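Numbered per my numbering, the sequence shown spans residues -15 to 162. Here is the structure we will look at.
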Amino acid sequence: LRGAVSRSTMGLSLTTALMQPFGVTQSMARVGPKWVIQGMGRWVGDAARFESSMTWIAEKSDFMRLRNKTFNRELSEINGRVTHGKGKLRTMADASLFYLMQKMQLVADVPTWIGAYEKAQAEGHEEARSVALADQAVLDAQGGGQVKDLSAIERGGPAMRLFTVFYSFMNTALNVGV
C-alpha cells in the first residue's frame, strides 16, 4: 500500500512534473549548451512547421520511442506489472498517473537527444552510432527507470524503495557532476 501511495503522490504531483524541464541543465553539462540549444531550436521549429520531431526520433530510436514508459523507476514498475486481475479502469488509472510528468520530461529529453545526435553527426559518426550516442546522452543526463539504469541502492527491496523515490534524479545529477 505504501508503494502505491508514494507512486500516486509522485505521479500526480504538479511540482514534480514542473521540475522535469529543469533537467535540461544536466543535458547541457553532458552534451554541451550549444548542442542542446540547437536541439531545442529544431524541436520548436519543427512544431512551428507542424512537423514532428517526435516521429522522426521514434523512427530512429526504439529507446526514445519507449522513453515515456521507462524514464523513472516507479513508472517502469507500473508498466512492468502484470495486469491480470485488475480491471480495465484500474489499469488505465495506473497508466495515467504519470501523464503530465511524461510530457514535461520531453522538454529535457528531446533537445538532449536531438543535440547529441546532431553533435555525433557533425563529428562524422555513422547513423547507428549517432543514434546510440544520443540514446546514451539522454540516459546519462536524465537517468532511466529500467533495472539496468538503476544504482544498487535503487534496486534494493521494498524498504529501500520507500526511501529512494527521488533518488534517481540526485544520483544522475551526481554522475553528471563527477
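Glycine included, C-beta positions come from ideal geometry on N, C-alpha and C. If you're wondering where the values come from, they're calculated on a predicted model, not measured in any experiment.
Can you have a look at residue i and say buried or exposed, based on whether 16 or more other CB atoms are within 10 angstroms of its CB?
{"i": "Arg26", "result": "buried"}
{"i": "Ala32", "result": "exposed"}
{"i": "Gly161", "result": "exposed"}
{"i": "Tyr101", "result": "buried"}
{"i": "Phe6", "result": "exposed"}
{"i": "Ala104", "result": "buried"}
{"i": "Leu(-2)", "result": "exposed"}
{"i": "Leu81", "result": "buried"}
{"i": "Leu114", "result": "Just to set this straight, residue 114 is Ser in the shown sequence, not Leu. That one is buried."}
Hey, out of the options, whose CA is closest to residue i's CA?
{"i": "Ala121", "options": "Gly16, Leu2, Glu111 and Phe6", "result": "Gly16"}
{"i": "Val166", "options": "Ala112, Met48, Tyr83 and Leu(-2)", "result": "With the chain covering -15 to 162 only, the question about residue 166 has no answer from this structure."}
{"i": "Ile98", "options": "Leu146, Leu(-2) and Ser45", "result": "Ser45"}
{"i": "Gly23", "options": "Thr96, Asn159, Gly140 and Ala157", "result": "Thr96"}
{"i": "Gln126", "options": "Glu110, Leu(-2), Val8 and Ser80", "result": "Val8"}
Which same chain residues end up closer than 6 Å to residue i when comparing Cβ atoms and leaving out the 5 residues on each side of it in sequence?
{"i": "Asp124", "result": "Arg14"}
{"i": "Pro142", "result": "none"}
Excluding five sequence neighbours on each side, which residues of the same chain lie with their C-beta closer than 7 Å to the C-beta of residue i?
{"i": "Met144", "result": "Ile137"}
{"i": "Gln4", "result": "Met85, Met88, Gln89, Val91 and Ala92"}
{"i": "Val66", "result": "Only weak support exists for where Val66 lies, its pLDDT of 48 falling under 50; the coordinates are left without a value."}
Have a look at residue i and residue j and give me their C-alpha separation to the nearest angstrom.
{"i": "Phe34", "j": "Gly108", "result": "29 Å"}
{"i": "Asp30", "j": "Met38", "result": "10 Å"}
{"i": "Glu43", "j": "Ala77", "result": "28 Å"}
{"i": "Ser11", "j": "Ala92", "result": "7 Å"}
{"i": "Ala112", "j": "Trp40", "result": "14 Å"}
{"i": "Leu192", "j": "Trp19", "result": "Past the boundaries of the shown model lies residue 192; the chain is included only from -15 to 162, so the question cannot be answered."}
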